[in-house]
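A.B. asks:
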Amino acid sequence: MKLKNKKVIQLVDHDFEDLELWYPVMRLREEGATVHMVGEKANQQYKGKYGVPAISEYSFSEIKAEDYDALLVPGGWAPDKLRRFPEVLSIVKHMDEQKKPIGQICHAGWVLISAKILTGRTVTSTPGIRDDMENAGANWLDEAVVVDGHLVSSRRPPDLPPYAKAFVDVLAGE
């Protein structure tokens, strides 16, 4: 239970990649963290690409980023929607400025690109958005997981075990 008393925001919108949302959430909860699903509206059901639902507990405008210890951004097509919300970009920027862990996998890098926090950072993502990441100023690596300070990034579902472990370790301060 190395994450007892840690609070994490899990962003959610329709068409998230089911495993990329749920696997990290389950790992963090297993370690004792409280993970809140946060979407455009509170108490709304969002469906993943393969039909697995997630219900938001809070809306973007209801939470205060300063009350949380970390942020998870799911992959799938949800990031293309999430990055359009000024509240989401504000949350990402706050977490980055405070050096709080930010986890991003697959297409989640789009949200960090729109928040303009990738200049000079070393990250990974699905190879499909490599150009986007590099055009945003990031150094892109084709590795299962890349940790650059408080940023933890990963490529796709087969990389979930090392991604979740790295995120847990960074959040635990290890």
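Here the sequence shown stands for residues 2 to 175, where the numbers follow the numbering used here. The beta-carbon is built from N, C-alpha and C at its ideal position, and this holds for glycine as well. No experiment lies behind these values; they were computed from the predicted model shown.
(1) Residue 2 lies in the alpha helix (DSSP H); which residues open and close that run?
(2) Hey, residue 62 and residue 38: beta-carbon distance below 7 Å or not?
(3) Mind checking residue 28: buried by the 16 CB within 10 Å criterion, or exposed?
(4) Which class does residue 121 belong to by DSSP, given the choice of helix, strand or coil?
(5) Suppose you measure from the CA of residue 121 to the CA of residue 110; what does that come to, to the nearest Å?
(6) Would you check if the segment 18-25 and the segment 74-87 touch, i.e. whether three or more CB-CB distances between them fall below 8 Å?
(7) Rounded to the nearest angstrom, what separates residue 8 and residue 86 at their Cα positions?
(8) For residue 35, which option in 41, 2 and 114 has the closest C-alpha, if you only look at C-alpha atoms?
(9) Between 114, 103 and 81, which has its C-alpha nearest residue 10's C-alpha?
(10) Which residues mark the beginning and the end of the beta strand (DSSP E) in which residue 56 is found?
C.D. replies: Let me spell this out:
(1) Neither: residue 2 is in no alpha helix (DSSP H) and is coded neither H nor E.
(2) no
(3) buried
(4) coil
(5) 14 Å
(6) A contact exists between the segment 74-87 and the segment 18-25.
(7) 22 Å
(8) 2
(9) 103
(10) 54-56
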